[in-house]
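Those protein sequences? They're chains A and B, same order as listed. When the letters of the first sequence are read in order and numbered with my numbering, they come out as residues 9 to 160. When the letters of the second sequence are read in order and numbered with my numbering, they come out as residues 9 to 160.
There are 2 protein chains.
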Amino acid sequence: MQPSDSSQSGDRDFITCCRERGIKPTHQRTEIYRALMAREDHPNAETLYAAVKERVPTISLDTVYRTLRLFEEKGLVARVSTAGDSMRFDGNINRHHHFVCVQCHKVRDFYDDDFDRLKTPQTISRLGEIDSVHVELRGVCNDCQRQKRKKT
Amino acid sequence: MQPSDSSQSGDRDFITCCRERGIKPTHQRTEIYRALMAREDHPNAETLYAAVKERVPTISLDTVYRTLRLFEEKGLVARVSTAGDSMRFDGNINRHHHFVCVQCHKVRDFYDDDFDRLKTPQTISRLGEIDSVHVELRGVCNDCQRQKRKKT
DNA sequence: TCGCACATAGTAATAATTACTATCTGCGAA
DNA sequence: TTCGCAGATAGTAATTATTACTATGTGCGA
C-alpha cells in the first residue's frame, strides 16, 4: 500500500460503508472504489479495469464487473443512464443531475435546488411510486464546440 | 400490403418526413417506422425485428439496426437512455419526459409544462450549450408493486 | 493449525451490435 | 424498353461488452 494520508481516510470510510452493508472490504474492492471516486467522468468497467491494473496488476476484468454490480446492488455506486454505449458508473450517490454532451458523451455532475424540489405531476403518481428525480441536460460541451468551430 | 386506412395516412407522413431529410422511404424502412410508432414501450432492435418480421418475413436484423441508426441520425426517432440493458428507441420526438420502473425497466412517456419550463442554472450554462432538458422519474410501477405485495 | 465461506484470476460462453459482401431494386438516360 | 448505376438489403461473419464457470487463493474464527 502506498503512503497516502488522504486515501487512507477514504479507505476508512469505504471500510465503514462495507461493514454497514455486510460486504467484505477486500483489497481489490477498495482499489476499484478508489479508482471510481478519483474520477469525475463516469467511467465504464474497462476504463476502471485499466486504472486499477496500475496498482493491482493481477486484477481480472471479471472482478471489476462483479464488484461494480455488487456496489450498485448495495447502493454504494450508481449506474449512469446512457444512450447506447457501454454501461458507466457514478461514485457520487448524493442527489445530483447530469449534463451530457451529445458529441463526446462526457457526463458532468451538477447540483441544483430547483431541480431537486420539482413536484411530480398527478398523472405520473398514478403510474407508480416515484423514488427519485433525475434531470438530464443534453447539449454540446465547450470542448466539442471549440472543435466544431475549428473545422469550419 | 394490408388494407388499413389509418396506416396509409401514417405512411404518407413518413414518406414526407423522409423526403425532407433526403432518405429513401423503402418498404423495409416504412415497416420499421410503423412498428416503432405502434408501440408505447420503447422497444429495442430485437423486439422491432420480431414485429416487422410478421409483415416482411425476409427482413434481416442488420437492416433493423442500420435503419434505426439512420432514423436517429436524421432525427426521426430518439434513443432512450437506459442504465445498462440494450439500446431502446422512442418514436416520440416531441418534447416529453420518462417514468422508468427500476424493477421491470418499463419506460412510460409523459408531458409536463413545469418540467419543460425548467431554467438551467448559470453554473451549467458555462459547461456548454444546452439543447434539451429531460426529466427521468425513477420508481416502481404499479404492476411491479402488485407483484411485490403478492410475494410477501 | 485447520477448515470453511467467500473472493478472485483466468478463461470460456453468451448476448448485443456492427461490418462485410454479394445480390437486389428502382430510377434516370439512351 | 433496356442499360447501367447508386443505394438498399439479406445473410452471415466479426467484434465488442458482459456474464458465467471453475479451480485456486485468502482471511478469519474455532
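Virtual Cβ for every residue (Gly too), placed ideally from N, Cα, C.
So is the beta-carbon of A:R103 under 7 Å away from any non-hydrogen atom of the ligand ZN?
Absence of the ligand ZN from the depicted structure is noted, as is the absence of any ligand whatsoever, leaving it without description.
Taking 8 Å as the cut-off, decide whether the C-beta atoms of A:V148 and B:E144 are in contact.
Numbered from 1 along the first sequence, position 140 holds the residue referred to as residue 148 of chain A. Numbered from 1 along the second sequence, position 136 holds the residue referred to as residue 144 of chain B. No, these two residues do not count as a Cβ contact at 8 Å.
Cβ closer than 9 Å: which chain A residues qualify as neighbours of B:Q153?
Taking the first residue of the second sequence as 1, we reach residue 153 of chain B at position 145. Near B:Q153 (Cβ distances below 9 Å), the residues of chain A are G136, E137.
Any chain A beta carbon closer than 8 Å to B:D19
Looking up residue 19 of chain B in the second sequence gives position 11. B:D19 has a beta carbon lying at 8 Å or more from every beta carbon in chain A.
Along chain A, in chain order, which residues have C-beta atoms closer than 8 Å to that of B:G92?
For the purposes of this step, residue 92 of chain B is taken as the residue at position 84 of the second sequence. By Cβ distance, chain A contributes R87, M95.
Do B:H35 and B:V64 have their C-beta atoms within less than 8 Å of each other?
Here residue 35 of chain B refers to the residue found at position 27 when the second sequence is read from its first residue. Here residue 64 of chain B refers to the residue found at position 56 when the second sequence is read from its first residue. It is a contact, given that the beta carbons lie within the stated cut-off.
Quick check on this structure: which residue in B:D151, B:R96, B:L126, B:H105 has the alpha carbon closest to the alpha carbon of B:F118?
Taking the first residue of the second sequence as position 1, residue 118 of chain B is located at position 110. Checked all of B:D151, B:R96, B:L126, B:H105; the closest Cα to B:F118 is B:H105.
What is the rounded straight-line gap between the Cα of A:I31 and the Cα of A:A86?
As a first step, residue 31 of chain A must be located in the first sequence, where it is residue number 23. As a first step, residue 86 of chain A must be located in the first sequence, where it is residue number 78. Rounded to the nearest angstrom, the two C-alpha atoms are 17 Å apart.
Runs of beta strand (DSSP E) lying entirely within the region 43-107 of chain A, each at least 3 residues, in chain order
List check, beta strand (DSSP E) in window: 86-88, 96-98.
Of all Cβ atoms in chain A, is any one closer than 8 Å to the Cβ of B:S140?
Stepping through the second sequence from its first residue, residue 140 of chain B is reached at position 132. It does; some Cβ of chain A falls within 8 Å.
DSSP beta-bridge partners of A:H142
Here the question's residue 142 of chain A lines up with position 134 in the first sequence. The partner list for A:H142 (beta bridge, DSSP) reads B:E144.
Taking just the CA atoms, how far does B:I132 sit from A:Q155?
Translated into the one-based positions of the first sequence, residue 155 of chain A becomes position 147. Translated into the one-based positions of the second sequence, residue 132 of chain B becomes position 124. Cα to Cα, the separation comes out at about 19 Å.
Assigned exposure category for B:A58 - 16 Cβ within 10 Å defines buried
Sequence index remark: in the second sequence, residue 58 of chain B carries index 50 (1-based). Exposed, since its Cβ has fewer than 16 Cβ neighbours within 10 Å.
Quick check: is the beta carbon of B:N6 nearer than 8 Å to any beta carbon in chain A?
No answer is possible for residue 6 of chain B: the residues shown for chain B start at 9 and end at 160.
Residues that B:R27 contacts on chain A, provided the C-beta gap is smaller than 9 Å:
As a first step, residue 27 of chain B is located in the second sequence; it is residue number 19 there, counting from the start. Here the premise fails: no neighbours, minimum Cβ distance about 25 Å.
Have a look at B:P129 and B:F79 and give me their C-alpha separation to the nearest angstrom.
Here residue 129 of chain B corresponds to residue number 121 of the second sequence, with the count starting at 1. Here residue 79 of chain B corresponds to residue number 71 of the second sequence, with the count starting at 1. In a straight line, the C-alpha of B:P129 is about 32 Å away from that of B:F79.
Would you decide whether A:G99 is buried or exposed? Buried here means 16 or more other CB atoms lie within 10 Å of its CB.
Here residue 99 of chain A is taken as the residue at index 91 of the first sequence, counted from 1. In summary, A:G99 is buried, with 16 or more beta-carbon neighbours lying within 10 Å of its beta-carbon over all protein chains present.
Since B:I19 and B:K114 are thought to touch, with beta carbons under 8 Å apart, how far apart are those beta carbons, to the nearest angstrom?
Residue 19 of chain B sits at position 11 when you count from the first residue of the second sequence. Residue 114 of chain B sits at position 106 when you count from the first residue of the second sequence. First, the residue type needs correcting, since residue 19 of chain B is Asp and not Ile in the sequence shown. Contact check for B:D19 and B:K114: beta-carbon distance about 28 Å, past the 8 Å limit, so the pair fails to qualify.
Can you name the start and end residues of the beta strand (DSSP E) that A:D117 belongs to?
Position 109 of the first sequence, counted from the start, is the residue given in the question as residue 117 of chain A. 115-118 is the span of the beta strand (DSSP E), which, as asked, contains A:D117.
Is the beta carbon of B:R96 less than 8 Å from the beta carbon of B:N52?
Position 88 of the second sequence, counted from the start, is the residue given in the question as residue 96 of chain B. Position 44 of the second sequence, counted from the start, is the residue given in the question as residue 52 of chain B. Pairing B:R96 with B:N52 gives a Cβ-Cβ distance under 8 Å.
What in chain A is Cβ-close to B:P51, meaning under 7 Å?
Counted from its first residue, the second sequence places residue 51 of chain B at position 43. Going along chain A, no residue has its Cβ under 7 Å from B:P51, so there is no contact; the nearest lies around 14 Å.
Can you tell me the Cα-Cα spacing of B:D2 and B:V110, whole angstroms?
Nothing about residue 2 of chain B can be reported from this structure: the residues present for chain B run from 9 to 160 only.
Residues of chain A with CB under 8 Å from B:G83, in chain order?
The residue you call residue 83 of chain B lines up with position 75 of the second sequence. For B:G83, no chain A residue has a C-beta closer than 8 Å to its own C-beta; the minimum C-beta separation is roughly 12 Å.
Against A:F22, what residues of chain B qualify as contacts under a CB-to-CB distance less than 9 Å, listed in chain order?
Within the first sequence, residue 22 of chain A is the residue found at index 14, counting from 1. In chain order: nothing, as chain B lies at least about 23 Å away.
Would you kindly work out how many angstroms separate the C-alpha atoms of A:T90 and B:S94, rounded to a whole number?
By one-based count along the first sequence, residue 90 of chain A stands at place 82. By one-based count along the second sequence, residue 94 of chain B stands at place 86. Cα-Cα distance, rounded: 10 Å.
Option in A:L44, A:R125, A:G92, A:E81 with minimal Cα separation from A:R29
Along the first sequence, one-based indexing puts residue 29 of chain A at 21. If we check each option's Cα against that of A:R29, A:E81 comes out closest.
Can you confirm whether B:L126, when its beta carbon is compared against all beta carbons of chain A, has any partner nearer than 8 Å?
Numbered from its first residue, the second sequence carries residue 126 of chain B at position 118. Interface residue, yes.
Beta-carbon proximity list for A:T166, same chain, < 7 Å, skipping 5 on both sides
Absent from the structure is residue 166 of chain A, since the part of chain A shown begins at 9 and ends at 160.
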